[in-house]
Ligand SMILES: [Zn+2]
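Numbering (my numbering), first residue to last: 39 to 272.
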């Protein structure tokens with residue numbers, strides 16, 4: 039693959055389009071593939087605002103590559119309000135990864151951990167109803183429009199490739215990153231993006247970065263993301 043010259047790595051080479059607005063009115067942005075062709079892959083980051091390293095890494099990958107991908111769409115910040123405020127949920131305290139209208143959506147409060155060692159006892163809402171949040175609805179509408187063949191969702195810091203379908207791409211990512219390929223993350227995730235995709239027959243891979251310093255994550259995972267974007271670009 040051809041990378042942009044190093045002095046150009048500070049900026050993204052093209053402008054995104056808007057696919058919606060967050061609760062606070064921030065733009066939801068997508069870097070679309072070339073019009074007219076199939077969308078082979080949608081890659082998104084930052085659904086959890088406490089995982090800004092996913093946005094940073096995907097942005098770096100986008101900045102290294104020239105021009106527009108033939109068949110890959112990129113969303114850097116699926117939850118811009120959460121990224122702005124440094125919260126896992128959106129500005130309304132909803133964990134967006136429990137708000138998708140999957141068959142397993144549950145109305146009860148959802149819990150998460152503050153660190154991997156802590157008890158999972160911090161509460162967030164799954165939303166009043168499935169798909170109640172503007173960020174969730176906009177991402178669904180984007181997927182219905184783009185019809186990607188596969189989606190890779192970036193999260194942290196569970197250090198695994200979660201691919202319920204054990205697809206070829208999932209196996210390749212596990213091999214490339216040295217992280218285990220798993221069929222679930224070991225606890226229920228009702229209303230998650232992956233559950234929603236599974237209900238619709240949309241293959242979803244959750245790429246969980248390991249717990250590591252940001253600079254280490256960039257060194258180890260930006261090249262993988264660059265390969266993913268350029269592979270998809272053919
Ligand atoms: Zn996450």
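Ideal Cβ placement from N, Cα and C applies to all residues, glycine included.
Please read all numbers here as calculations on a predicted model, not as lab measurements.
Since residue i and residue j should fall inside the 8 Å C-beta cutoff, what is the C-beta to C-beta distance between them, to a whole number of angstroms?
i, j, result
"residue 119", "residue 62", "5 Å"
"residue 217", "residue 199", "6 Å"
"residue 249", "residue 197", "7 Å"
"residue 50", "residue 101", "5 Å"
"residue 215", "residue 264", "Not really, about 13 Å apart at Cβ, beyond 8 Å."
"residue 147", "residue 237", "Between residue 237 and residue 147 the Cβ distance is about 22 Å, and since that is not below 8 Å, they are no contact."
"residue 154", "residue 195", "7 Å"
Mind checking whether residue i and residue j have CB atoms under 7 Å apart?
i, j, result
"residue 191", "residue 66", "no"
"residue 205", "residue 168", "no"
"residue 89", "residue 259", "no"
"residue 230", "residue 39", "no"
"residue 59", "residue 187", "no"
"residue 150", "residue 158", "yes"
"residue 111", "residue 184", "yes"
"residue 121", "residue 189", "no"
"residue 273", "residue 45", "Limits of the chain in this structure are 39 at one end and 272 at the other, which puts residue 273 out of reach."
Return helix, strand or coil for residue i, following the three-state DSSP convention.
i, result
"residue 40", "coil"
"residue 261", "helix"
"residue 66", "strand"
"residue 222", "coil"
"residue 227", "coil"
"residue 123", "helix"
"residue 277", "A query on residue 277 cannot be resolved here, the shown segment of the chain reaching from 39 to 272 and no further."
"residue 95", "helix"
"residue 56", "strand"
"residue 250", "coil"
"residue 177", "helix"
"residue 194", "coil"
"residue 49", "coil"
"residue 107", "coil"
"residue 163", "strand"
Which same chain residues end up closer than 8 Å to residue i when comparing Cβ atoms and leaving out the 5 residues on each side of it in sequence?
i, result
"residue 171", "61, 128, 130, 132, 134, 137, 165"
"residue 222", "200, 202"
"residue 226", "142"
Between residue i and the rest of its own chain, which residues show a CB-CB distance below 6 Å, the 5 nearest in sequence each way excluded?
i, result
"residue 117", "84, 85, 87, 128, 134, 173"
"residue 234", "138, 140"
Short of 7 Å in beta carbon distance, which residues of its chain neighbour residue i, apart from the five on each side in sequence? Order them along the chain.
i, result
"residue 56", "65, 66, 67"
"residue 255", "91, 95, 247"
"residue 219", "199, 201, 204, 208, 209, 212"
"residue 124", "87, 88"
"residue 271", "The pLDDT assigned to residue 271 is 44, lower than 50, so where the model puts this residue is not dependable, and the model offers no usable value."
Inset, instruction - Would you be able to state if there are at least three C-beta pairs under 8 Å between the segment 104-114 and the segment 68-84? - result: yes
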